[in-house]
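Residue numbers (the numbering used here): 31 to 299.
Working notes, structure below.
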């Protein structure tokens with residue numbers, strides 16, 4: 031696998047006109063942050079050797095290199111999910127390629143269902159910790175020598191970046207929630223009983239991504255900042271039928287706030 035990662039990185043490097051140390055993974059309904067990137071080069075996932083291809087509506091499937099403000103960045107417009115049929119090694123393959131390309135900090139975003147009764151649809155939740163509820167661990171198998179066999183996860187989400195995001199939010203008048211994200215395999219949305227269980231387990235929001243990417247980023251020594259847009263509620267008395275299209279619309283509505291936080295945070299890093 032290491033040889034494939036190096037081949038992919040070598041191919042991408044030929045198209046790069048910069049050397050970013052910051053990467054962004056843009057989730058459901060949040061891909062329009064890519065519109066903020068200037069001086070950009072785009073590479074379709076389908077053209078990159080060994081790269082998976084995103085099959086989910088709202089995930090465009092492009093790797094972008096350019097500038098966000100004055101910072102050189104790499105952005106994934108569309109991610110890969112376990113429920114699409116990929117193994118965890120495939121889901122997290124781009125993060126290992128990022129490490130090979132010299133990425134030091136990763137910003138991840140997602141759409142999530144809120145299990146915390148204090149949350150409202152459209153809230154931004156800074157991820158302070160996570161629960162891995164996937165049936166396959168992304169580090170299962172032979173250890174790739176980017177990190178230790180048993181990596182520490184006591185600070186999976188960088189506390190300094192969280193503090194900086196809080197300061198930006200206060201300055202811009204943006205309300206930020208904080209909480210624990212639980213990652214599940216999907217693709218079904220949760221039943222009311224599952225929402226109750228996840229809340230009892232300590233989760234404030236639930237989604238179908240992010241956790242595997244963050245685990246691998248930590249293994250690779252990459253700092254992480256994560257944010258969820260609360261697109262529906264799994265709180266008793268507030269649960270309604272939800273569709274992927276409704277999730278996308280709620281995420282799109284929250285896009286300006288998320289864009290502001292991400293842009294300012296990356297430029298002040």
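Quick reminder that beta carbons are idealized off the backbone N, C-alpha and C, glycines included.
- Nearest Cα to residue 125 within the set 294, 191, 248 and 259: 248.
- Taken atom to atom, the span from the alpha-carbon of residue 79 to that of residue 42 is near 9 Å.
- By the neighbour-count criterion, in which a residue is buried when 16 or more other Cβ atoms sit within 10 angstroms of its Cβ, residue 215 is exposed.
- Going by C-alpha positions, residue 220 is about 43 Å away from residue 47.
- Annotation for residue 142: the continuous beta strand (DSSP E) segment containing it runs 135–144.
- The continuous alpha helix (DSSP H) containing residue 45 extends over residues 32–45.
- In the structure shown, residue 215 adopts coil according to DSSP, grouped into three states.
- Residue 173 and residue 75 have their C-alpha atoms roughly 26 Å apart.
- Taking the Cα positions, residue 120 is about 22 Å away from residue 187.
- Here DSSP, grouped into helix, strand and coil, assigns residue 62 to helix.
- Between the segment 107–120 and the segment 227–237, the count of C-beta pairs closer than 8 Å stays below three; the two stretches do not touch.
- Secondary structure note for residue 118: its alpha helix (DSSP H) is the uninterrupted segment 118–121.
- For the segment 147–213, the continuous alpha helix (DSSP H) assignments of 4+ residues that do not extend past its boundaries occur at 189–202, in sequence order.
- Under a 10 Å Cβ-count criterion, residue 129 is classified as buried, with 16 or more other Cβ atoms of the shown protein chains found around its own Cβ.
- Distance from residue 158 to residue 246 at the Cβ level is roughly 19 Å; contact not present, criterion being Cβ atoms closer than 8 Å.
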